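Accompanying notes for the structure given below.
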Amino acid sequence: MLKIVSIFSLLLFNTLSNANASECEIQDYELVWSDEFNYSGLPDSSKWNYEEGYVRNKELQYYTVESLENSYVNNGILTIEAKHHLSTSQPYTSASLTTEKRATWKYGKIEVLASIPVAPGTWPAIWMLGANIRQVYWPRSGEIDIMEHVGSNPGVIHANAIYYDHDKKERDSVGAHIDHDSVDRFNKYAIEWTQQHITYFINDKPFHRVDIEAMGTENNPFHKPFYLIINLALGGWGGNLSEDFTSEKLKVDYVRVYQKPCH
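In mature numbering (1 follows the signal peptide of the UniProt record, and there is no 0), the protein residues as written are -21 to -1, 1 to 242.
The structure is reproduced here in structure tokens:
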């Protein structure tokens, strides 16, 4: 009798879950968070936080905090500028803006209209990390790379989802790349993240899809909140800088996050 009840409960749960998923699919997206950068000065501190220092990947840049040399808003555009300094203890500086401790989301559409540098050695990225990274650490936190471009391979956009595979007991990823000739112009980079998939877009055209359900259910990070990061790195995967490097800019026209009421 107990076994019969258990089977019935499981069937009922699956039926309700499928019904909820179907209901969610037909709901419209609503704008829940945005920055249109319709102001001047430093990025809005109520929306953006900063990473600081030499953070990861043996990159060259030191990420500064609230420095108008490296991150500023003017004429409706956020600019993250990486610079070379001749006579300082930090020869290369840049900025990494994040919504950590400001805003997180589970599921939805994230859109960023951006123009990215393509010079050798540059590594602009628009990406997300699991909000629980301080507790479970990477890669168990999960990572969603909405857009990465490296100067060592110009004209190619990379997208990825990184997670910890509990069966293999190691990091795993599901990635893709696409050739794109006009990355130095403004393009819209976006994901649509649902309970089932993460779909990646450039200018509203899908080019990659990740099956979340195929990753299993044990501590699947893609059913938990993430925060957004926009940064411009130098070196590392980006390759070597040119000898005459002085500065490069990552420009952002807007960031918009949409969710459905069911989220």
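Using N, Cα and C, we set each Cβ at its ideal position, and we do this for glycine too. Small disclaimer: the values here were computed from a predicted structure and weren't measured.
Check                                                                                                        : Outcome
Simplified DSSP assignment, three categories, for Y29                                                        : strand
Rounded distance between the beta-carbons of K230 and S94, thought under 8 Å                                 : 4 Å
Contact under 7 Å by Cβ, V129 with D158                                                                      : no
CA nearest to the CA of E70, picked from D7, F224 and R81                                                    : Here residue 70 turns out to be Pro, not Glu, going by the sequence shown. Selected option, being the one with the closest Cα: F224.
Three-state secondary structure assigned by DSSP to G217                                                     : helix
Residue from S46, K148, E127 and C3 whose Cα sits closest to the Cα of G32                                   : S46
Within the stretch 165 to 206, ranges of the alpha helix (DSSP H) (whole runs, at least 4 residues)          : none
Segment contact, 8 Å Cβ cut-off, at least three pairs: the stretch 75 to 87 with the stretch 202 to 214      : yes
C-alpha gap between V91 and N36, whole angstroms                                                             : 24 Å
Sub-7 Å separation of E122 and A104 beta-carbons                                                             : no
Beta bridge counterpart(s) of N210 as assigned by DSSP                                                       : S75 and A104
7 Å Cβ cutoff met for K239 and Q6                                                                            : yes
V162 (DSSP reduced to helix, strand or coil)                                                                 : coil
Own chain, CB closer than 6 Å to K(-19), minus 5 neighbours either side, in chain order                      : A caution first: K(-19) carries a pLDDT of 46, below 50, which makes its placement in the model too unreliable to give a value.
Other residues of its chain near V97: CB distance less than 8 Å, five sequence neighbours each side excluded : H128, G130, P133, G134, V162 and D163
Cβ neighbour criterion (16 or more within 10 Å) applied to S66                                               : exposed
R113 - containing alpha helix (DSSP H), residue span                                                         : I112 to V115
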